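Q:
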Amino acid sequence: MHLRNCRLRVLVLAGLLFLIVATPAHAAGGSADPVMSFVWAIINFTLFFFLMLAIYKKHVARLIRARSARVAEHLQRSQNALAEAEQEYGSLKEKLNNIEGVKKDLFDRYNEEGRKQSTLLIESGNTSASRIKSDAERQVETELSQESKKIRKEVVASAVGKATKQLQSLSKDDDAKLRADALQRFLNQSHAARPSA
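My numbering numbers the first residue of the sequence shown as -12 and each following residue consecutively.
#1: Output the distance between the C-alpha atoms of K164 and S156, rounded to the nearest integer angstrom.
#2: Quick one: Cα of K80 to Cα of L107, how far?
#3: Work out the CA separation of S105 and G88 for me, nearest whole Å.
#4: Where E128 and T114 are concerned, what is the direct C-alpha to C-alpha distance, given to the nearest angstrom?
#5: Apart from the five residues just before and just after R118, which ones in its own chain have a Cβ nearer than 7 Å to its Cβ?
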């Protein structure tokens, strides 16, 4: 490649030297032959073309290759980003399509959980109600027992008081009769309880 550049440089320099030598002769009123003018125009164009080609290959081609590499890199990144975006779009679209199923699953799960909580609350309420009922029954029984004892005490106290008053109002004869009568009943019960021999 280096040898090719050297040849090109030599060719360009020779063309420029030829132009430098030929142009003043032509300008000084050299041949006015149209064929020669046409030949010189072709030579000038060819030299100009090769000169531009040499500059292009040396500087511009390198810039264009670097630019094309950057563009290719950007295109690759863009294609990767597009592929990722399409994959994400597909994932989101699938999730969106499945959202009805997810919504139904959530609804069913929360509905079932609500039923369980309802059952637990009812059972808890029933347990609390039965405990309150048994506590109330025990309290009623305790209070009834206490009131019964109070009433018995009052009845006994009243009966004892009345009996005491009646006993105090009895005369000595009535007292003796009552004692004899009680003794006789006791003896009769004793004889009745003894077995006959």
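Where is the CB? At the ideal position from N, CA and C, for every residue including glycine. Given the structure is predicted, the values throughout are model-derived calculations rather than measurements.
A: By the coordinates alone:
#1: 14 Å
#2: The alpha-carbon atoms of K80 and L107 are separated by roughly 40 Å.
#3: 25 Å
#4: 21 Å
#5: none
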